[in-house]
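Colleague:
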Amino acid sequence: MKMNKYTIAQLKRGEKGIIGNFSTDVVPVKLQEMGCLPGSEVQLIQFSPFNDLLYLNISGSFFAIRKEIASLIEIANAG
Amino acid sequence: MQDKTMPEQINVALIGNPNTGKTSVFNQLTGLNHKVGNYPGITVEKKEGTCKLPNGLKARITDLPGTYSLNVTSADEQVVVEHLLEKTSENFPDVVVIVADVENLKRNLFLFTQIKDLKIPVVLAVNMSDVMVRKGITLDIELFEKQLGTKIALVSARKGTGIDHLKKCIADYRELPVNSTIGLKEIDSEYFTELQKAFPREELYRLWLKHTQNFDYTNHKNVAVQNASAKNGFPVRSENELKRMQQKETIQRYMFINKLLDKGYKKDISAAKDFRSRLDRVLLHRVWGYVIFFLIMLLVFQSIYNWSSYPMDFIDGLFASLGEWARNTLPPGALNGLLSEGIIPGIGGIMIFIPQIAFLFLFISILEESGYMSRVVFIMDRFMRRFGLNGKSVVPLISGTACAIPAVMSARNIENWKERLITILVTPFTTCSARLPVYLIIIALVIPEKTILGLNLQGLTLMFLYALGFVMAIFSAWVLNKILKIKSRSFFIAEMPGYKLPLLRNIAYTVVDKTKDFVVNAGKIILAISIVLWFLASHGPSVEFKNAEEIVHAQTENEQLTSEELNTAVASYKLRNSYIGILGHTIEPVIRPLGYDWKIGIALLTSFAAREVFVGALATIYSVGNDDEETIKNRLAGEINESTGEKAFNFPTGISLLLFYAFAMQCMSTLAVVKRETMSWKWPLIQLFTMTGFAYIVSLVAYQLLK
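Top to bottom, those sequences are chains P and R. Its first residue numbered 1, the first sequence is counted upward by one per residue in our numbering. Its first residue numbered 1001, the second sequence is counted upward by one per residue in our numbering.
Written out as structure tokens, the structure is:
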């Protein structure tokens, strides 16, 4: 099952997508408050060296999160 | 002043996201000293200032730490929420000014809607308005003011424009409407009706915040939530239900904001991002990123040592002649001794650090203000995580080379408690500026002045000691990561702010503030210790001490000493029988295996208040009257260990001392700040005993092998 999921962690560099649903139990409130919400547009700007952090632009906010969290946030429709 | 109830002074709270230039706005409003940072969480203390408003009112302005939201996740943000929840407090704001970045209005307005819902009058200061034309931004101010229920001031703290208008908006705070932006009952009408019923007199949003607030960041458990439900009559909901409601609330706020931005805010996207992405590509590159970081660090440390040596020599000389002057000018006696041998060298010992501390803070604040520090965090996270640290631990570890106290505090924005705790625990291993004078004098005594491969051996030793500090910090982090069984979420969010040219004024404020802080705090301790030490060294309990001169005269009758030699003999006899001499002899058995005599032992003991006391303490103990390094050095070089008959500062003892200072936890102020940051005595005590124990063992082994 997990294989089929398309999450922020699977985005390629420069790729954009729309954030789908995610579980509020595991995704910190703070991240949601920075604009990471279902329906927001996300773009992967850059990976950190060794692929640990993802540098994102979520509806105009620039920030980095770790891959573990990113892999919990699904992309509704890649584009 | 038509209105009789109008107070003479009002409280104004300045609130905003990190990196919005909030502190620059504060600087513009008040003209007082403080700090601004481009790195999230840099304004760690509450800053206050006053300003005169156009209608004659006096405004007391509080600059609160940068925060993204009122749902706090760090100790810094807690300050903000406490400030806004304590309605009865005398600091409770009459009006809040929200500082927002015109380029990041969406996220900034999120915080705005939260504060607005507390029903406090709010003014919106839209900062960096000078870039609007260049970046193709237009803003329908009238629409925004109407929809948000506020007054908007377009300001540019950088250019100093719009501040008068902002002051006027603050002065007219009574005309601001106090309405909510979103309807909480739409989220969960049952819950919120119940909540309001339980506390009919309170604002709904304030209640909701209180219910979901979690002030225990040391270990992200939602204790507060459960307690609040059970004890205080809050409606009972599970943690997951509350979280879902929080998400709904967040979505509702963003829907409100997006609707407004769609109508009244336009931004030409293509205009802006190019510079940022081009610079990011280089600075975050998997090879060049590290090369550049390494070169910048090299430049920083090189310049700190090269540039500060001149002012340091100057200060050194100044205090040496000041001590000399005091000794010769004042009448001989107790006061003369206290001043010329205790206080002046003690103060001089701290003043000499000013150039280095100032340079270090200068560089650190440039790195932060420019936005580069966030990039370092980004490229270092992977490496640091391997050792149980966090990309954000880079900041404490780098600023720890100035002083561990601000460094430990700068770990506050690490969200993961375990990583934050480990960072706090290992930061004191980095070579802080207080170790420097100790290293310098011991290196001068025991390391020969040779060159190897064109490099100065003494300089190499110093570099090695710095490297040792970092390696030890990383290594102990790795050990702690294995030992500590703390479950915490792998939670990490780092804002990547846009690049900015650092503002000279802000940097100047930072350097002056931090340096002053260091000198005043360390100065107090050193002053107190020099006085105590001087007293203990110049007084004694026994008859031997009182009759020292006669006894020594009698003993040395046949030796035909010059009067100078006789004076020295009397002085050292007195010292041995003084309070401090007795104390030193008592502890000598413990330190003898490390190669130290009792005098070094005393200096070591006093170093536990603050390391930089060591040199001053030796100076006082050896009754060297001035702080001239040459004099102290020569004096120490000639000193004989009474029990071994060898030089007191020979090679094995010197190495043992260097290692002891590299590893031991010898700073009361750091222990106090660790206690405050971890909210328990457990961690500072563990630090004190393990670090010092480790230092003891390493020095013991080193001395026994080398002797």
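Ideal placement from N, C-alpha and C gives every residue a C-beta, glycine not left out.
Looking at the unbroken alpha helix (DSSP H) that takes in T1606 of chain R, where does it start and where does it end?
Modeller: Residue range 1598-1607 is occupied by the alpha helix (DSSP H) that includes T1606 of chain R.
Colleague: Going by C-alpha to C-alpha distance, which of R:P1589, R:Q1560, R:V1590, R:K1599 sits closest to Y1579 of chain R?
Modeller: Nearest to Y1579 of chain R by alpha-carbon distance, out of R:P1589, R:Q1560, R:V1590, R:K1599, is R:K1599.
Colleague: Counting only the same chain and skipping the five closest in sequence on each side, list residues whose C-beta sits under 7 angstroms from that of W1681 of chain R.
Modeller: K1675
Colleague: Identify each residue in the stretch 29-42 of chain P for which the Cβ-Cβ distance to at least one residue of chain R is less than 7 angstroms, and report them in chain order.
Modeller: V29, K30, L31, Q32, E33, M34, G35, L37
Colleague: Determine which residues share a DSSP beta bridge with N1011 of chain R and list them.
Modeller: R:R1060
Colleague: Go through the stretch 1254-1299 of chain R residue by residue and report every complete run of the beta strand (DSSP E) that reaches 3 residues or more, in order.
Modeller: 1265-1267
Colleague: Would DSSP call L1360 of chain R helix, strand or coil?
Modeller: helix
Colleague: Tell me, please, whether the CB atom of R66 of chain P is closer than 8 angstroms to any CB atom in chain R?
Modeller: With 8 angstroms as the cut-off, R66 of chain P counts as an interface residue toward chain R.
Colleague: Quick one: what does DSSP say Y55 of chain P is sitting in, helix, strand or coil?
Modeller: Here Y55 of chain P sits in strand by DSSP.
Colleague: What is the DSSP secondary structure of A1224 of chain R, reduced to helix, strand or coil?
Modeller: Low confidence applies here, because A1224 of chain R scores a pLDDT of 47, under 50, leaving its location unreliable; read the following figure in that light. Looking at A1224 of chain R - three-state DSSP - the assignment turns out to be helix.
Colleague: In whole angstroms, what is the alpha-carbon distance linking L1207 of chain R and L1195 of chain R?
Modeller: Between the alpha carbons of L1207 of chain R and L1195 of chain R lies a distance of about 8 angstroms.
Colleague: Please classify T1093 of chain R as buried or exposed, where buried requires at least 16 other C-beta atoms within 10 Å of its C-beta.
Modeller: A small fix is needed here, since residue 1093 of chain R is Pro in this sequence, not Thr. Result: buried.
Colleague: What's the call for V1701 of chain R, buried or exposed, on a 16-neighbour Cβ count within 10 Å?
Modeller: exposed
Colleague: Can you give me the start and stop residues for the beta strand (DSSP E) that R66 of chain P sits inside?
Modeller: Element bounds for R66 of chain P: 61-66.
Colleague: Does M1665 of chain R come within less than 8 angstroms of chain P when only Cβ atoms are used?
Modeller: no
Colleague: Where in the stretch 1138-1212 of chain R do unbroken runs of the alpha helix (DSSP H), each at least 4 residues long, occur, reported from the N-terminal end onward?
Modeller: The qualifying runs are 1141-1148, 1163-1171, 1189-1198, 1204-1212.
Colleague: Hey, N1611 of chain R and R1435 of chain R are a contact pair by Cβ (cut 8 angstroms); roughly how many whole angstroms apart?
Modeller: Inspection of the sequence shows that residue 1611 of chain R is occupied by Arg rather than by Asn. Right, their Cβ atoms sit about 6 angstroms apart.
Colleague: Among residues of its own chain, excluding the 5 on either side of L1389 of chain R, which ones have a beta-carbon nearer than 7 angstroms to its beta-carbon?
Modeller: E1419, I1422, T1423, A1477
Colleague: So, at 7 angstroms on beta carbons, what are the nonlocal neighbours of K1052 of chain R in its own chain, with the 5 sequence-adjacent residues on each side left out?
Modeller: K1058
Colleague: Less than 8 angstroms between C-beta atoms, sequence neighbours within five positions excluded: which residues of the same chain meet that for S40 of chain P?
Modeller: I18, I19, I58, S59
Colleague: What residues from chain P crowd round K1647 of chain R, counting only those whose CB sits closer than 9 angstroms?
Modeller: Within 9 angstroms Cβ-Cβ: nothing; K1647 of chain R doesn't reach chain P, min ~51 angstroms.
Colleague: Given a threshold of 16 other Cβ atoms within 10 Å of its Cβ, counted over all protein chains shown, does A1648 of chain R qualify as buried or as exposed?
Modeller: buried
Colleague: Strictly by DSSP, which residues pair up with N1098 of chain R?
Modeller: The amino acid occupying residue 1098 of chain R in the given sequence is Ile; Asn does not appear at that position. According to DSSP, I1098 of chain R bridges with R:I1015, R:L1124.
Colleague: Could you check if N1227 of chain R is buried or exposed, using at least 16 other CB atoms within 10 Å of its CB as the buried criterion?
Modeller: Caution is warranted here: a pLDDT of 48 is assigned to N1227 of chain R, below 50, making its placement in the model unreliable, and the coordinate value is therefore given only provisionally. N1227 of chain R should be labelled exposed.
Colleague: By Cβ distance, which residues of its chain are closer than 6 angstroms to N1055 of chain R, with the 5 residues on each side in sequence left out?
Modeller: A1171
Colleague: Can the beta-carbon of G1391 of chain R be found less than 8 angstroms from the beta-carbon of D1381 of chain R?
Modeller: Going by C-beta atoms, G1391 of chain R is nearer than 8 angstroms to D1381 of chain R.
Colleague: Using beta carbons (cut-off 8 angstroms, strictly below), is I1486 of chain R in contact with chain P?
Modeller: no
Colleague: Which bits of chain B does G60 of chain P rub up against, with CB to CB less than 7 angstroms?
Modeller: Going by chain labels, chain B is absent from the structure shown, which instead holds the protein chains P and R.
Colleague: Classify Q1252 of chain R as helix, strand or coil using the three-state DSSP reduction.
Modeller: helix
Colleague: In the DSSP assignment, find the beta strand (DSSP E) that holds E1495 of chain R and state where it starts and stops.
Modeller: 1493-1495
Colleague: For K1647 of chain R, which residues does DSSP report across the bridge?
Modeller: R:I1640
Colleague: Please list, in chain order, all residues of the same chain as I87 of chain P whose beta carbon is under 8 angstroms from its beta carbon, the five residues on each side excluded.
Modeller: Outside the displayed span of chain P (1 to 79) sits residue 87 of chain P, for which this structure offers no information.
Colleague: Going by the beta-carbon positions, is the gap between P1396 of chain R and T1427 of chain R smaller than 8 angstroms?
Modeller: Cβ distance < 8 angstroms, so P1396 of chain R and T1427 of chain R count as in contact.
Colleague: Given a limit of 7 angstroms on CB to CB distance, which residues of the stretch 7-21 of chain P reach chain R?
Modeller: none
Colleague: Which whole-angstrom value is the C-beta distance of G1616 of chain R and T1653 of chain R, which I expect to be below 8 angstroms?
Modeller: Rounded, the Cβ-Cβ distance is 19 angstroms, inconsistent with contact.
Colleague: Given a threshold of 16 other Cβ atoms within 10 Å of its Cβ, counted over all protein chains shown, does L1504 of chain R qualify as buried or as exposed?
Modeller: exposed
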